[in-house]
Amino acid sequence: MQIKVLAFATSPRRHGNSETLLDWVLESMGAEEDVEIDKIALTDVDLNPCHGCNACERLNKCVQRDYMDVIHDRIIEADIIVLASPIYCMGLASQAKALIDRTQVFRSRKYVLKLPIVPPEKKGKRIGIFLSTAGQDWDYVFDAAIPSVKCFFNVIEVRNRDIEYLMVNNVDEKGAIEGHPTAREDAGRLGKDIVRRLREMKAE
Numbered sequence: 001m002q003i004k005v006l007a008f009a010t011s012p013r014r015h016g017n018s019e020t021l022l023d024w025v026l027e028s029m030g031a032e033e034d035v036e037i038d039k040i041a042l043t044d045v046d047l048n049p050c051h052g053c054n055a056c057e058r059l060n061k062c063v064q065r066d067y068m069d070v071i072h073d074r075i076i077e078a079d080i081i082v083l084a085s086p087i088y089c090m091g092l093a094s095q096a097k098a099l100i101d102r103t104q105v106f107r108s109r110k111y112v113l114k115l116p117i118v119p120p121e122k123k124g125k126r127i128g129i130f131l132s133t134a135g136q137d138w139d140y141v142f143d144a145a146i147p148s149v150k151c152f153f154n155v156i157e158v159r160n161r162d163i164e165y166l167m168v169n170n171v172d173e174k175g176a177i178e179g180h181p182t183a184r185e186d187a188g189r190l191g192k193d194i195v196r197r198l199r200e201m202k203a204e
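With the first letter of the sequence shown counted as 1, position 29 gets the number 29 in the UniProt record's numbering; the numbers rise by one all the way through.
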């Protein structure tokens, strides 16, 4: 049973804390049998912001031709979608928000055109993961990001109950997460747990 994992590293700072957390989760998943991992660093691709033109409500596709053409199909094919973003100014990094805004085409397809997002056999059998890091140690530092994350997963047909979160605060400087007492272990455990859970969902 093959499992396709699609992961987005959205920080403008490559190999920083949020991407390191992502890599730990992917390393754990990749150690499992028949898991295929596709990681996309948004700073390395051409992804424009949404124009807000709503043409996708008529055309069932975006009018822009950029790397979203590739991402679009991979989102549909994936079993597990992982979004990793640092917290900047109490919200998602702009690269993560640009990706979420560009999923407007899925929102139009689902709610305006009343068309399916994924094949019937995938519906209810997809898992989303949100990974995040923040420099502040406030317990509410991630709160503003969560609604956008839920919107992202909802429009690509991942149910709220199938979204998992791993958020680590008080890691500011690049590499600070390496010294966190539980982050790596938590990431490894999450990766294995999600693969196991997905296998159970597929077997139902």
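By construction, the Cβ of each residue, glycine as well, lies at the ideal position given by its N, Cα and C atoms.
| query | Which of helix, strand or coil does DSSP assign to Phe142? | reply | coil
| task | Let me know the secondary structure DSSP gives Thr10 once reduced to three states. | result | coil
| message | Output needed for Lys97: all residues of its chain with C-beta closer than 8 Å, excluding positions within five of it in sequence on either side, in chain order. | response | These residues qualify, in order along the chain: Gly91, Ser148.
| message | Mapping the DSSP letters down to three states, classify Asp66 as helix, strand or coil. | response | coil
| request: Tell me, to the nearest whole angstrom, how far the beta carbon of Lys61 is from that of Glu36; I am working on the premise that it is less than 8 Å. | output: Actually they are not in contact, since the Cβ atoms of Lys61 and Glu36 sit about 26 Å apart, beyond 8 Å.
| query | If you pair each beta-carbon of the region 116-130 with each one of the region 150-157, do three or more pairs fall below 8 Å? | reply | yes
| said: Excluding the 5 residues flanking Leu26 on each side, which residues of the same chain have their C-beta closer than 8 Å to its C-beta? | reply: Counting only residues of its own chain and dropping the five nearest sequence neighbours on each side, Leu26 has a CB closer than 8 Å to the CB of Val5, Ala7, Ile37, Lys39, Val82, Gly191.
| query | Between which two residues does the alpha helix (DSSP H) containing Met201 stretch? | reply | DSSP places Met201 in the uninterrupted alpha helix (DSSP H) bounded by 183-203.
| Which parts of the region 102-185 are runs of the alpha helix (DSSP H), unbroken and 4 residues or longer, counting only runs that do not cross its ends? | 104-107, 146-155
| In this structure, does DSSP put Leu83 in helix, strand or coil? | DSSP places Leu83 in the strand class (E or B) of the three-state scheme.
| Is it the case that the Cβ atoms of Gly128 and Asp79 are separated by a distance below 8 Å? | Inclusion of Gly128 and Asp79 in the CB contact set at 8 Å is not warranted, their separation being larger than that value.
| query | According to DSSP, is Leu47 helix, strand or coil? | reply | coil
| request: Could you tell me whether the Cβ atoms of Val141 and Ile87 are closer together than 8 Å? | output: yes
| request: Can you have a look at Met29 and say buried or exposed, based on whether 16 or more other CB atoms are within 10 angstroms of its CB? | output: buried
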